[in-house]
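Asks: Structure provided below as C-alpha coordinates; questions to follow.
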Amino acid sequence: FLLPPPAFAATTNPKPPSNDEIKLLRSALGALYGERNPEKAEVLLTEAVQAWQRQNPDERAALYRVRGDCYMALLKPEEAASDYGIAVELLEGPG
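Each residue of the sequence shown is one higher than the last, beginning at 94 in the working numbering.
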(Lines of atoms letter the chains of each structure in order from A and count residues from 1; the text may use other names and numbers.)
(Lines give C-alpha, C1' and ligand atoms only; values in the text may rest on other atoms or scores of the structure.)
Protein backbone atom coordinates (compact mmCIF):
# COMPACT_ATOMS: atom_id res chain seq x y z
CA PHE A 1 0.00 0.00 0.00
CA LEU A 2 1.43 3.35 -1.02
CA LEU A 3 0.91 6.49 0.99
CA PRO A 4 0.04 9.67 -0.89
CA PRO A 5 2.78 12.29 -1.09
CA PRO A 6 2.61 15.34 1.22
CA ALA A 7 1.09 17.35 -1.64
CA PHE A 8 -2.16 15.45 -0.96
CA ALA A 9 -2.41 16.64 2.62
CA ALA A 10 -5.39 18.82 3.42
CA THR A 11 -4.90 22.53 2.97
CA THR A 12 -6.43 24.54 5.79
CA ASN A 13 -7.13 27.83 3.99
CA PRO A 14 -6.44 27.37 0.31
CA LYS A 15 -6.04 30.38 -1.92
CA PRO A 16 -8.92 30.46 -4.43
CA PRO A 17 -8.06 29.36 -7.96
CA SER A 18 -6.92 32.13 -10.25
CA ASN A 19 -8.91 33.17 -13.30
CA ASP A 20 -6.32 31.40 -15.47
CA GLU A 21 -6.71 28.19 -13.46
CA ILE A 22 -10.49 28.37 -13.78
CA LYS A 23 -10.16 28.96 -17.52
CA LEU A 24 -7.82 25.96 -17.78
CA LEU A 25 -10.29 23.75 -15.92
CA ARG A 26 -13.17 24.89 -18.12
CA SER A 27 -11.11 24.14 -21.22
CA ALA A 28 -10.23 20.69 -19.91
CA LEU A 29 -13.83 19.83 -19.06
CA GLY A 30 -15.00 21.23 -22.38
CA ALA A 31 -12.47 19.12 -24.26
CA LEU A 32 -13.56 15.94 -22.47
CA TYR A 33 -17.32 16.37 -22.18
CA GLY A 34 -18.15 18.93 -24.87
CA GLU A 35 -15.75 18.16 -27.71
CA ARG A 36 -15.40 14.48 -26.75
CA ASN A 37 -11.66 14.85 -27.33
CA PRO A 38 -9.92 12.83 -24.60
CA GLU A 39 -6.48 13.31 -26.16
CA LYS A 40 -6.75 17.08 -25.79
CA ALA A 41 -8.43 16.75 -22.40
CA GLU A 42 -5.64 14.54 -21.02
CA VAL A 43 -3.06 17.29 -21.42
CA LEU A 44 -5.35 19.98 -20.03
CA LEU A 45 -6.53 17.86 -17.11
CA THR A 46 -2.96 17.06 -16.13
CA GLU A 47 -2.19 20.79 -16.09
CA ALA A 48 -5.34 21.41 -14.05
CA VAL A 49 -4.45 18.68 -11.53
CA GLN A 50 -1.06 20.31 -11.02
CA ALA A 51 -2.54 23.80 -10.73
CA TRP A 52 -5.19 22.64 -8.22
CA GLN A 53 -2.77 21.05 -5.72
CA ARG A 54 -3.32 23.83 -3.17
CA GLN A 55 -7.11 23.37 -3.20
CA ASN A 56 -9.20 21.35 -0.76
CA PRO A 57 -9.00 17.55 -1.02
CA ASP A 58 -12.57 17.16 -2.30
CA GLU A 59 -11.88 19.49 -5.23
CA ARG A 60 -8.64 17.70 -6.05
CA ALA A 61 -10.41 14.34 -5.77
CA ALA A 62 -12.96 15.48 -8.35
CA LEU A 63 -10.17 16.39 -10.77
CA TYR A 64 -8.47 13.03 -10.33
CA ARG A 65 -11.80 11.27 -10.91
CA VAL A 66 -12.41 13.22 -14.11
CA ARG A 67 -8.88 12.55 -15.35
CA GLY A 68 -9.47 8.87 -14.52
CA ASP A 69 -12.55 8.98 -16.75
CA CYS A 70 -10.41 10.56 -19.46
CA TYR A 71 -7.83 7.79 -19.15
CA MET A 72 -10.61 5.20 -19.48
CA ALA A 73 -11.78 6.89 -22.68
CA LEU A 74 -8.18 6.62 -23.92
CA LEU A 75 -8.06 2.91 -22.98
CA LYS A 76 -5.42 3.54 -20.30
CA PRO A 77 -6.85 1.51 -17.40
CA GLU A 78 -3.69 1.52 -15.28
CA GLU A 79 -3.51 5.32 -15.27
CA ALA A 80 -7.26 5.49 -14.62
CA ALA A 81 -6.98 3.12 -11.65
CA SER A 82 -4.17 5.23 -10.21
CA ASP A 83 -6.19 8.43 -10.47
CA TYR A 84 -9.32 6.79 -9.05
CA GLY A 85 -7.22 5.51 -6.14
CA ILE A 86 -5.84 8.98 -5.45
CA ALA A 87 -9.37 10.39 -5.54
CA VAL A 88 -10.53 7.86 -2.93
CA GLU A 89 -7.52 8.58 -0.72
CA LEU A 90 -8.20 12.30 -0.87
CA LEU A 91 -11.83 11.78 0.09
CA GLU A 92 -10.92 9.42 2.95
CA GLY A 93 -8.22 11.70 4.35
CA PRO A 94 -8.50 14.38 6.98
CA GLY A 95 -10.60 17.36 6.15
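Glycine residues also receive a C-beta, built at the ideal position from the N, C-alpha and C atoms. Everything numeric in this text was worked out from a predicted model, so none of it was measured.
Are the beta-carbon atoms belonging to residue 151 and residue 122 less than 8 Å from one another?
Replies: No.
Asks: Would you check if the distance between the CB atom of residue 180 and the CB atom of residue 157 is smaller than 8 Å?
Replies: Cβ atoms of residue 180 and residue 157: closer than 8 Å.
Asks: Output the distance between the C-alpha atoms of residue 113 and residue 128, rounded to the nearest integer angstrom.
Replies: For residue 113 and residue 128, the distance between alpha carbons rounds to 20 Å.
Asks: Write down the C-beta distance between residue 163 and residue 134 rounded to the nearest angstrom, noting that I regard them as a contact closer than 8 Å.
Replies: With a Cβ gap of about 5 Å, residue 163 and residue 134 count as contacting.
Asks: Run the CB neighbour count on residue 117, radius 10 Å, all protein chains shown included, and call it buried at 16 or more, exposed below.
Replies: Per the 10 Å Cβ criterion, buried.
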